[in-house]
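Trainee: Residue 396, in my numbering, is where the sequence shown stops; the numbers in between run on with no holes.
All residues carry an ideal CB built from backbone N, CA and C; glycine is no exception.
Note that the structure is predicted; figures quoted are calculated from it, not measured.
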Amino acid sequence: MRGTVLNRSRQTLFDDKAIIASDVGVLRTENQDRVAVLRVSDGPRPFVCFALSDGMGGMKDGGPCATVTIAAFFSSLIAASEIEPQRRLYMSTNVANEAVHRQWQGRGGATLSAILIEGSSSVYVSNVGDSRVYALDAEWTKLRRLTVDDNLKEAFGGADRGLVQFIGIGKSLVPNIQHVPPGSDSFFITSDGAHYFDEKIFEQLLVHATEPLRATDRLLALARWLGGPDNASVAALTLSNLMNKLGREGGSLPTVWSGHSQLHLQRLETKPPASDSPPSQPATEEQDRPVTSKPRTGAKRKIRLSKKAAQGDQLEIKISSDEGEDAADS
């Protein structure tokens with residue numbers, strides 16, 4: 067994703083079946099939100115992943131932290147594309163956490179919320195921080211929030227909204243990973259600047275929008291009308307429309323959309339070494355609860371981020387196996 071991060075961006079995807087959009091807001095001078103989509107069409111487990119990362123403004127280099135978060139997360143998803151989705155999300159979230167912590171040593175961080183869609187309708191959610199994932203039924207009548215903010219107020223019943231965990235915190239990270247049961251058809255990922263206002267107003271706005279593009283435009287407009295105190299970003303999709311569209315599309319290269327551009331990544335060997343695989347016991351379908359055990363560690367595929375990516379104005383993904391030095395640059 068080459069080029070300066072735009073203060074305002076809006077990109078529709080898959081013939082307007084999905085949208086990613088971001089707005090710097092009224093009071094901020096820099097947009098530290100990153101929102102992107104990854105599609106991997108080949109291999110035994112093709113998938114689409116929508117991801118949003120909000121750099122922590124009170125810490126160092128919020129925007130660059132969010133850039134590295136998305137880059138490392140997507141790199142790992144591609145490298146581990148044959149692994150079961152919940153374990154893949156857990157592993158990739160930890161890879162992003164390690165990449166940010168290695169660069170900033172706990173002095174910088176970001177949120178990460180993601181929706182991974184595999185097969186015809188299997189939906190999985192990963193969340194760290196206070197960005198959120200919401201779901202609507204097919205009739206657009208009932209909104210559900212799928213995530214809990216990682217702050218003292220929501221996680222522990224306190225009064226403080228300061229984050230208790232974030233991407234870049236280090237070894238203590240425990241991502242919230244879940245399988246979404248059937249019944250939801252439209253999904254939204256929002257940064258806190260897009261959902262900071264009254265929850266009832268938020269719900270009514272989405273319910274009456276009736277489609278993702280209109281809902282996204284209204285959310286970002288309302289965030290500005292109410293003062294725009296923070297960056298506001300949204301990723302939105304309707305599952306049935308999206309999967310019908312994807313089912314008619316081919317293509318063998320992983321593709322990333324970043325809000326203002328589309329790029330194709332060089333496809334590399336994606337099967338991780340056996341020692342890098344999570345425990346052989348598959349995740350069961352009783353499992354709408356979060357995954358809480360970390361995957362086993364061992365020989366790891368190298369995922370490197372360039373200095374330019376760390377500086378925040380470019381997202382550059384480099385993936386190399388232990389045997390070679392191939393790279394996929396974006």
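#1: From the DSSP secondary-structure annotation, give me the bridge partner or partners of CYS115.
#2: Determine the direct distance from the alpha carbon of LEU303 to that of ILE86, and round the result to whole angstroms.
#3: If you drop the 5 nearest sequence neighbours on each side, which residues of the same chain put their C-beta closer than 8 Å to that of ARG355?
#4: Quick one: residues in its chain with C-beta nearer than 6 Å to the C-beta of GLY124, no 5 flanking neighbours on either side, listed in chain order?
#5: Between the Cα of SER119 and those of LEU286, SER257, GLU184, spot the shortest distance and give me the residue it belongs to.
#6: Taking the Cβ atom as the reference point for each residue, do ALA176 and ILE233 lie within a distance shorter than 8 Å?
#7: Measuring CA to CA, which of ALA201, ASN217, LEU218 is closest to ARG210?
#8: Determine whether the beta carbon atoms of GLN169 and GLY128 lie at a separation below 8 Å.
#9: Pull up the CB-CB distance for SER188 and VAL161, whole angstroms please, since I reckon it's below 8 Å.
#10: Return helix, strand or coil for VAL166, following the three-state DSSP convention.
#11: Compute the Euclidean distance between the alpha carbons of HIS274 and ASP89, then round it to the nearest angstrom.
#12: Do LEU212 and VAL194 have their C-beta atoms closer together than 8 Å?
#13: According to DSSP, simplified to helix, strand and coil, what is TRP323?
#14: Rounded to whole angstroms, what is the Cα-Cα separation between PRO295 and ALA117?
Mentor: Reading from the atomic positions:
#1: Note: CYS115 sits in a beta bridge opposite LEU104, LEU182.
#2: ILE86 and LEU303: Cα-Cα distance of roughly 9 Å.
#3: The predicted model places ARG355 with a pLDDT of 36, which falls under 50 and marks its position as unreliable, so this point remains unresolved.
#4: By the criterion of a C-beta distance shorter than 6 Å, GLY124 is surrounded by no residue of its chain, once the five residues flanking it on both sides are discounted.
#5: Of the listed residues, the one whose Cα sits closest to SER119 is SER257.
#6: Cβ atoms of ALA176 and ILE233: closer than 8 Å.
#7: The candidate whose alpha carbon is nearest that of ARG210 is ALA201.
#8: No, these two residues do not count as a Cβ contact at 8 Å.
#9: Not confirmed; about 22 Å, so no contact.
#10: DSSP places VAL166 in helix when its eight states are reduced to three.
#11: Distance between the alpha carbons of HIS274 and ASP89: 22 Å.
#12: With respect to VAL194, LEU212 sits apart: the two C-beta atoms are not nearer than 8 Å.
#13: Strand, per DSSP.
#14: Cα to Cα, PRO295 sits roughly 22 Å from ALA117.
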